[in-house]
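In my numbering, the protein residues as written are 7 to 328. Here a beta-carbon is modelled for each residue, glycine too, at the ideal position from N, C-alpha and C.
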Amino acid sequence: MAKHKVIIDTDPGVDDCIALFMAMANPDIDILGITTVNGNVKVEQTEYNARRICEYAWHSGIKVFQGCDHPLKRSVLNAEWIHGEDGLAGQDFGEPANKKSNVHAVDFIIDTIMSSTEREVSIIAIGPLTNIATAFLKEPKIISRINELIIMGGGFNEFGPRGNTTPYAEFNIYADPHAADIVFNLGQRITILPMEVGQQVYADHAYIEKLRDMNLRCAKMAANLLEETAKKLTPMYDKMLAANLSPELGTSLYDPCAVACIVRPELFSGKYGSVSVNTDSRSEKFGMTTFLAGEKRNCLVTYKADKEAFLAFVLEHFRLLS
Ligand code: BDR
Ligand code: CA
C-alpha cells in the first residue's frame, strides 16, 4: 500500500505533540512537512515546539514552517492555561538542531499541493484553521487537489455542552471562526473529529502509567505531558460543568484522533453532510458549529470512536518510535 502523504498543520500543544509522535511513528504515513499556526500558544512558539518535538523523536529531518500569527478577523486567542506558557507543559525537549525555515507555511502548503499530482497529498489540521483558509483564498486551485482534509475541531453534541472554550464553541474553531467557515464551506472530502469524539478517548491515570511503564523516551514524555495537563484539568472539572462547558475525564486525546483517522478510519463512525459556523462575534454562539444534513455532503462528521481499539493503537506507536 502506498503511504499517506500528509502535511500536518498544528499548534503544539500537548495533544498535538502526541499526534506528531504518532504520525512520525506510523509506517504508513509520510510527513511532507509540518506547518504551524497561532493557537494553543503564539506562532513563534508553536513553530519552535514543532522543531523541538521532531528532534526529540529522532525525526529532525522533517521540515517545519511558521504560518499565520493571528486569526483572520477576531483577536488572538491562546490556551496557555491548559498547555502551559511554553505550550508543552514546561517539559524539557532540548534545543532543536535544525534551523528555522524562512518559507511561510501558507506558501509551503500551496506549493506542495500544486506540485504534487491531484489527490496525492492530504492535510491533517489540528489547530485553528487560519493557515488552511488563507491557502484556500490565495490559491483556490489547491482545494480540489487535496486528497483528504482531516480536521480536529468543533462540537456537535445536541444534548450537553457544545464547547470547551465557551458553552457553544470548541477551541480550534473559536480561535478562528472565520477561517473555519471558509474551510467548511469551500473544502472537499473533509473529515471532522469534533470535541466529543476526542473526549471519548481520554487518557486516565492508569493509561498514563501504562505509557510511563513502557520505559521508552517518547512514551515517558507523553506520560509527563498528559499528567501535567490532568493536574490542571481535574480541579477545573466542577467549575467547567457549572459554567456549562464540556469538562474532560482524564486528558482527552483530541488531536491524535485526526492522525488515527487517516490510517484507521474504521475506528470512527460518522455521517455525511455539511457544517456551518457562527461568525457573529456579538452572538453568545460565536464559533459554534452546526451539522447540516442535506444535499451538500462535503464533510464526514464523526460522532463515535472505538475507545479500546484507539487507545491500544496509540500505545503501539510508542513502541514503533523507540
Ligand atoms: C483542541 O484545542 C487545543 O487546545 C488542542 O490542541 C486541540 O487541538 C481541542 O479542543
Ligand atoms: Ca491542537
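Flag this pair as yes or no: are the beta carbons of residue i and residue j separated by less than 9 Å?
{"i": "Asn284", "j": "Pro167", "result": "no"}
{"i": "Ile115", "j": "Leu155", "result": "no"}
{"i": "Cys224", "j": "Phe316", "result": "no"}
{"i": "Phe177", "j": "Asn170", "result": "yes"}
{"i": "Val281", "j": "Gly160", "result": "yes"}
{"i": "Val112", "j": "Ala141", "result": "yes"}
{"i": "Gly19", "j": "Ala181", "result": "no"}
{"i": "Asn104", "j": "Glu61", "result": "yes"}
{"i": "Ser289", "j": "Met201", "result": "no"}
{"i": "Met30", "j": "His65", "result": "yes"}
{"i": "Ile1", "j": "Ile268", "result": "Residue 1 lies beyond the residue range present for the chain, which begins at 7 and ends at 328; the question has no answer from this structure."}
{"i": "Asn230", "j": "Gln97", "result": "yes"}
{"i": "Pro183", "j": "Phe292", "result": "yes"}
{"i": "Ile129", "j": "Ile37", "result": "no"}
{"i": "Ala266", "j": "Val189", "result": "no"}
Following the continuous beta strand (DSSP E) through residue i, name the residue where it begins and the one where it ends.
{"i": "His10", "result": "10-16"}
{"i": "Asp36", "result": "35-42"}
{"i": "Ala131", "result": "127-131"}
Can you give me the start and stop residues for the alpha helix (DSSP H) that residue i sits inside?
{"i": "Gly204", "result": "201-206"}
{"i": "Met246", "result": "243-248"}
{"i": "His211", "result": "211-219"}
{"i": "Arg168", "result": "From DSSP, Arg168 is part of no alpha helix (DSSP H); its letter is neither H nor E."}
{"i": "His184", "result": "183-192"}
{"i": "Thr118", "result": "111-121"}
{"i": "Arg223", "result": "223-239"}
{"i": "Val20", "result": "20-31"}
Please go through the same chain and pick out, in chain order, the residues whose beta-carbon is closer than 6 Å to the beta-carbon of residue i, but skip the five residues on each side of it.
{"i": "Ile132", "result": "Thr16, Asp22, Ala25, Met158, Asp261, Ala264"}
{"i": "Ala185", "result": "Leu78, Leu135, Thr136, Ala139"}
{"i": "Thr308", "result": "Leu199, Val203, Phe274, Gly276"}
{"i": "Leu255", "result": "Tyr208"}
{"i": "Thr52", "result": "Asp17, Pro18, Thr42"}
{"i": "Tyr54", "result": "none"}
{"i": "Leu306", "result": "Thr197, Gly276, Tyr278"}
Spatial neighbours of residue i within its chain, please: CB distance less than 8 Å, with the 5 preceding and 5 following residues excluded, ordered by chain position.
{"i": "Arg303", "result": "Tyr278, Gly279, Ser280"}
{"i": "Gln194", "result": "Ile149, Ser150, Ile152, Leu155, Asn304"}
{"i": "Met242", "result": "Pro253"}
{"i": "Glu50", "result": "Gln72, Asp75"}
Can you name, in chain order, every residue of its own chain whose Cβ lies under 7 Å from the Cβ of residue i, other than the five neighbours on each side?
{"i": "Lys313", "result": "Gln206, Val207"}
{"i": "Ser107", "result": "Lys69, Val70, Phe71"}
{"i": "Ile119", "result": "Val127, Ile148, Arg151, Ile152"}
{"i": "Ala311", "result": "Val203, Gln206, Val207, Cys263, Leu273, Phe274"}
{"i": "Ile179", "result": "Gly159, Gly160, Ala186, Val283, Gly293, Thr295"}
{"i": "Leu327", "result": "Phe27, Met30, Ala31, Ala63, Cys224"}
* alpha helix (DSSP H) segments (min. 4 residues) lying fully within the stretch 61-98 -> 86-89
* To do: Kindly provide the ranges of any beta strand (DSSP E) runs that are 3 or more residues long and lie completely inside the stretch 264-318, ordered along the chain.
  => 274-283, 295-298, 305-311
* Asked: Which runs of the alpha helix (DSSP H) fall wholly inside the stretch 134-164 and span at least 4 residues, in chain order?
  -> 136-144, 148-151
* the stretch 285-299 touching the stretch 83-90, judged by at least three CB pairs closer than 8 Å -> no
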